[in-house]
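J.: So that we are looking at the same thing, I have put the structure below in structure tokens.
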Amino acid sequence: MSNLKTKTEKKGYFGPYGGQFIPETLRPALLQLEEAYEAFKNSQEFQDKFKWELKEYVGRPTPLYFAANLTKHYKGGKIYLKREDLNHTGAHKINNAIGQILLAQFMKKKRIIAETGAGQHGVATATVAARAGLECVVYMGAEDMERQYPNVQRMRMLGAAVEPVHSGTATLKDATNEALRDWLKNVEHTHYIIGSAVGPYPFPVIVRDFQKIIGEETREQINEKANRLPDYILACVGGGSNAIGIFYPFLSDKNVKLIGVEASGKGIDSGEHSATLSRGAAGVFHGMRTYLLQDSEGQVQLPYSLSAGLDYPGVGPEHSFLKDQQRVDYVYADDRQALDAAKLLTRLEGIIPALESAHALAYLEELMPKTKSDDIIIINLSGRGDKDMNIYSEYLK
Amino acid sequence: MSQRLNNLLTKKNAAGEKVLSIYVTAGFPEKDATVDIIFALIESGVDFIELGMPFSDPIADGPVIQNASQKALDNGISMNEIFDVVKTIRPKSDIPILLMGYINPVMRYGMDAFIQKAAEVKADGFILPDWPLEESIEYIDLLKRNDLDLIHLIAPNTPKNRIKQIDDISSSFIYCVAYTGVTGLNSQITDETKAFLSHLKSNLKHPFIVGFGVKTHEDFKNFTQFANGVIVGTRFIQVLENTPKEKRTGTISNFIQSIRG
Ligand SMILES: Cc1ncc(COP(=O)(O)O)c(C=O)c1O
């Protein structure tokens, strides 16, 4: 299925969003990446290798778990969890990292860089780089290093250098700036494994394609279990990779309602949130045209979320397009609602979710009363909460 | 095409002289410092000005210009105040002024409004590193009609056919990035750099000016063996950082002399 809906559109665009707003220095690398990805897509050998890795190393397919207790709690439709938390390294991020390391090897790159917020993408990248025997540098905001410290330790154990970033808010946006600056300098031998469906073309397409396995499996599994498609699919949206991964195979199924949940931090009207699609305006950031949290002068506003993985002022360009098309409904949940939802899931189902995923769970409070008992609701449980234990412990006090 | 810029390049070329341009972030070190700094640069014989429009997330800049940009934003500089700087300079000087920055604040202002306003205050054009050919092409005519130049950049890894494409679409000069990386690194003229610069020298229709990493008289001499001129940014920002306000004019004059030699 083509993501580019009309023929008149420019290459690399989703409607008016996407593109390649990058310094000339990066252009050859993006062209090379595009070519490598074309070769990858058309090669059965590559595709088989990717699938094999996901099965044997990552542990896919992940279960589609019927959450009986959560379902009983809400007294509405049936709730299923797509268990991306059960992937090796603990989140969906590994799907993309596995695919991109194959591309890096195909392009004969010697060095890998990445940005990370929650540290899940950093861990996934450090993991695949270690296995490929490639040098790995991960940029991480100093603030995020503190709040997601277990992942910093994991990356170091895996042999990656974790570079603290102090500029701006010392979070994901600043880590991405620094990764882009590194790439500008070392573009010849370095591949940048970007961690979400963001950045200049072809990254948003590549990351989506490596993540769409989530939706493809979900489709098969729900057909097997319920013999029909779901009524709702929910996913949290930071840059938007787990969300586009589960949404994409359902985009043409107009009866499947797709809901993306952003972080409203301290409240949607508090000025401290990361609800890009709800409160942002079209702009250009990190190489793409997309919705962006910005002020009247076009300066990027400092986002906020307790969840490091959602604390980003931009969003993948395909989501901007899907919002304008009204194909996906973008809503939000705040810090407190996410924490409550994390606790509820843990106590009812014995699953400690990542704080990011907890934002998707939090929206059940609003959605479930509107559902009927035979409705099917699927939530992308994008990651596990080990990394968030400090935050959860504070919350329990 | 900007007549002021074109006149400058033609005159310099005829005289066999090299161009020296300075980058300065608008609103830095103080919000109202920029007009005086530019007058001091004009007095010191600088040939044209790159007036930096600060952006919150300058991915092509190293720490020095990042900090200057953040300081200028903290000082509260706005796009209209940047236009005012040009407007204030213009009646007293014909020095070409190019607005340099990132595309988001420009788009936020409104592409058409921005071009119109730039023409109105008599700026000469733009340097927008994250607005490459493919994305800017639809505005070429509007820019032409307003006598504004969009300066394109080329880097050492830019393929030869792409260099030609950029040369063909350019209207005044080409901005040559001396190395791959961000602003403010130390540039070393390796054999590769020389080969790259020689290629430009013998193949470009337009003059080319080297920026990124030009810091000393030595750099000026080395690069202008090939290029029509250089742009100094980071080192000038450092000079501003390290000079008390009262001594600024004198220090600027000395600095420019030291670069030209
Ligand atoms: C578990 C988990 N879910 C979601 C996200 C948000 O990213 P994305 O929107 O790209 O899925 C992250 C990012 O770090 C994460 O670690």
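Keeping their order, the protein sequence lines are chains P and Y.
Going by our numbering, the first residue of the first sequence is number 1, and it counts up by one from there.
Going by our numbering, the first residue of the second sequence is number 1, and it counts up by one from there.
Glycine included, C-beta positions come from ideal geometry on N, C-alpha and C.
All figures in this text were calculated on a predicted structure; none of them were measured in a lab.
Just how far apart, CA to CA, sit Y:Ala40 and Y:Val86?
T.: Cα to Cα, Y:Ala40 sits roughly 14 Å from Y:Val86.
J.: At a CB-CB cut-off below 7 Å, which residues of chain Y make contact with P:Thr25?
T.: The contacting residues are Ala155, Asn157, Val177 and Thr180.
J.: Beta-carbon separation of Y:Val106 and Y:Leu128 under 9 Å?
T.: Their beta carbons are under 9 Å apart, which means Y:Val106 touches Y:Leu128 by this criterion.
J.: Taking P:Asp174 as the reference, which of Y:Pro54, Y:Gln66, Y:Ile189 and Y:Glu17 has the closest Cα?
T.: The shortest Cα separation from P:Asp174 among Y:Pro54, Y:Gln66, Y:Ile189 and Y:Glu17 belongs to Y:Gln66.
J.: How should Y:Val230 be labelled, buried or exposed, when 16 other C-beta atoms within 10 angstroms of its C-beta is the threshold for buried?
T.: When all chains shown are included, Y:Val230 counts as buried.
J.: Of all Cβ atoms in chain P, is any one closer than 9 Å to the Cβ of Y:Asn146?
T.: No, Y:Asn146 lies away from the interface with chain P (no Cβ there is under 9 Å from its Cβ).
J.: Give the interface partners of Y:Leu73 over in chain P, defined as CB-CB distance under 8 Å, in chain order.
T.: Ordered by position in chain P, the residues that pass the 8 Å Cβ test against Y:Leu73 are Gln299.
J.: Does ligand 1 have a heavy atom nearer than 8 Å to the CB of Y:Asn186?
T.: No, since every heavy atom of ligand 1 falls outside the 8 Å radius drawn around the Cβ of Y:Asn186.
J.: Between P:Arg111 and chain Y, is there a C-beta pair that is closer than 9 Å?
T.: It does not: the Cβ of P:Arg111 has no partner Cβ on chain Y nearer than 9 Å.
J.: Tell me the residue span of the alpha helix (DSSP H) that contains Y:Met305.
T.: Shown here, chain Y extends from 1 to 261; a query on residue 305 of chain Y therefore has no answer.
J.: Which of helix, strand or coil does DSSP assign to P:Gly18?
T.: DSSP places P:Gly18 in strand when its eight states are reduced to three.
J.: Smallest Cα separation from P:Asp386: which of P:Ala97, P:Lys72 and P:Arg147?
T.: If we check each option's Cα against that of P:Asp386, P:Arg147 comes out closest.
J.: By a C-beta neighbour count over all protein chains shown, 10 Å radius and 16 as the cutoff for buried, is Y:Thr190 buried or exposed?
T.: Exposed is the call here.
J.: Report all residues from its chain with a CB closer than 7 Å to the CB of P:Lys7; omit the five preceding and five following residues, and keep chain order.
T.: Reliability fails at P:Lys7, whose pLDDT of 38 lies under 50, so the model's placement of it is uncertain and no value is given.
J.: Can you tell me which of Y:Leu9, Y:Ile169, Y:Phe223 and Y:Lys12 puts its alpha carbon nearest to the alpha carbon of Y:Leu143?
T.: Nearest C-alpha to Y:Leu143: Y:Ile169.
J.: Under 8 Å: does the beta carbon of Y:Leu148 sit that close to some heavy atom of ligand 1?
T.: No - ligand 1 has no heavy atom lying nearer than 8 Å to the Cβ of Y:Leu148.
J.: Considering only residues of the same chain and omitting the five flanking positions on each side of P:Gln105, which have a CB-CB separation below 7 Å?
T.: Closer than 7 Å at Cβ, skipping near neighbours: Ala132.
J.: Measuring only between beta-carbons, confirm whether Y:Lys152 sits less than 9 Å from chain P.
T.: For the sequence presented, residue 152 of chain Y should be read as His rather than Lys. With 9 Å as the cut-off, Y:His152 counts as an interface residue toward chain P.
J.: Looking at C-alpha atoms only, which residue of Y:His217, Y:Leu240 and Y:Cys176 is the closest neighbour of Y:Ser258?
T.: With distances taken between Cα atoms, Y:Ser258 lies closest to Y:His217.
J.: Would you call the stretch 346 to 360 of chain P in contact with the stretch 377 to 393 of chain P, where contact means no fewer than 3 C-beta pairs closer than 8 Å?
T.: Yes, they touch.
J.: Based on DSSP bridge pairs, tell me the residues matched to P:Gln294.
T.: DSSP lists P:Val300 as partners of P:Gln294.
J.: Counting Cβ pairs, one atom from each stretch, are 3 or more of them under 8 Å apart for the stretch 330 to 349 of chain P and the stretch 206 to 219 of chain P?
T.: No: fewer than three Cβ pairs fall under 8 Å.
J.: Using a Cβ-based criterion (distance less than 8 Å to any ligand heavy atom), does P:His273 qualify as near ligand 1?
T.: Because no heavy atom of ligand 1 lies under 8 Å away, the Cβ of P:His273 does not count as near it: no.
J.: Could you round the C-beta distance between P:Glu84 and P:Leu396 to whole angstroms and report it? I think they count as a contact, below 8 Å.
T.: Not a contact, Cβ separation roughly 25 Å.
J.: Consider the C-beta atom of P:His286 and the heavy atoms of ligand 1; say whether any pair is separated by less than 8 Å.
T.: The answer is no for P:His286.
J.: In chain Y, what lies closer than 8 Å to P:Ile22 by C-beta?
T.: Neighbours of P:Ile22 on chain Y, chain order: Asp130 and Pro132.
J.: Using 9 Å as the limit for Cβ to Cβ distance, is Y:Met107 near chain P?
T.: Yes, Y:Met107 counts as interfacial toward chain P.
J.: Would you please verify whether the beta carbon of P:Lys10 is less than 9 Å from any beta carbon of chain Y?
T.: Yes, P:Lys10 lies at the interface with chain Y (some Cβ there is under 9 Å from its Cβ).
J.: Measure the Cβ-Cβ separation of P:Ala129 and P:Gly159 and say whether it is below 9 Å.
T.: In this structure, P:Gly159 lies closer than 9 Å to P:Ala129 by Cβ.
J.: Measure the alpha-carbon distance for P:Lys110 versus P:Thr125 and round it to whole angstroms.
T.: Each residue's alpha carbon lies about 14 Å from the other.
J.: Can you list, in chain order, the stretches of the alpha helix (DSSP H) that have 4 or more residues and sit fully within the stretch 307 to 336 of chain P?
T.: Within the stretch 307 to 336 of chain P, the complete alpha helix (DSSP H) runs of at least 4 residues are 317 to 324.
J.: So P:Tyr192 and P:Ile113 are supposed to be a Cβ contact under 8 Å. How far apart are they, rounded?
T.: That belief holds up - the Cβ atoms of P:Tyr192 and P:Ile113 are roughly 5 Å apart, short of 8 Å.
J.: Please compile the residues from chain Y whose C-beta is within a distance smaller than 8 Å of the C-beta of P:Val187.
T.: Here the neighbours are Asn157 and Thr180.
J.: The stretch 160 to 172 of chain P: which residues have C-beta closer than 9 Å to a C-beta of chain Y, in chain order?
T.: Residues passing the 9 Å Cβ filter: Ser167 and Gly168.
J.: Would DSSP call P:Pro249 helix, strand or coil?
T.: Of the three classes helix, strand and coil, the one that applies to P:Pro249 here is helix, per DSSP.
J.: Please identify the residue among Y:Arg248, Y:Asn254, Y:Leu240 and Y:Thr249 whose C-alpha is closest to the C-alpha of Y:Val64.
T.: Ranking the options by Cα distance to Y:Val64, first place goes to Y:Leu240.
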